[in-house]
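Residue numbers (my numbering): 198 to 336.
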Amino acid sequence: MLVLNPQSVTLLGEVVQRVRRVAVNRVPERALLEWGNMGPYATFADVPEQRVELELVADLERGSLDGPTPGDAGELVLFTSPTAGSGGRRRVEASVVITAVYDEVEPGGKAQRRIKMAALSSDGVEDPIDISHAEDGSR
């Protein structure tokens, strides 16, 4: 999932300004592949364990000493909509732990902060990313 220019983003209880994108990546922690005796192609595949990694990229107007550090834990909440109105608006929420923070300058001179996170499931069964309708304008 890739959310470009979300309407609003809150990370660990703090509003994050000028967010360009939030990417949700699902990565296999353990993958199983099996082959039969009839040919060179796999006949079975399963991913019994997976990681859900998030990356938030935001523009920085000036150098900043504030921000999250690896090991910080809390909630990531963002709102996105296909239009400027509330039609089709969605709320995306996840319990996260910060795994890395990078401050850098991209080509063209824009300073950016990249925050990488691991999303945590409440019980190991539920998807750690909760997406709900937010067309009522609630925050």
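For glycine and all other residues, C-beta sits at the position ideal for the given N, C-alpha and C.
Among Gly210, Ala242 and Glu252, nearest to Arg223 - alpha-carbon criterion
For the residues Gly210, Ala242 and Glu252, the minimum Cα distance to Arg223 belongs to Glu252.
Assign Ala291 to buried or exposed, taking buried as 16 or more other Cβ atoms, counted over all protein chains shown, within 10 Å of its Cβ.
Looking at its Cβ environment, which holds 16 or more other Cβ atoms inside 10 Å, Ala291 is buried.
Alpha-carbon to alpha-carbon, Glu301 and Leu273:
Cα to Cα, Leu273 sits roughly 22 angstroms from Glu301.
To which residues does DSSP link Asp256 through a beta bridge?
Asp256 is bridged to Gln309.
Would you say Ala315 and Val294 are within 8 angstroms of each other, going by their C-beta atoms?
Yes.
Going by DSSP, which residues form a beta bridge with Thr207?
Answer by DSSP bridge pairing, in chain order: Val212 and Val274.
Where does Pro325 land, buried or exposed, given buried means 16+ other C-beta within 10 angstroms?
When all chains shown are included, Pro325 counts as buried.
Please say whether Ala255 and Val200 have beta carbons closer to each other than 8 angstroms?
No, Cβ-Cβ distance for Val200 and Ala255 is not below 8 angstroms.
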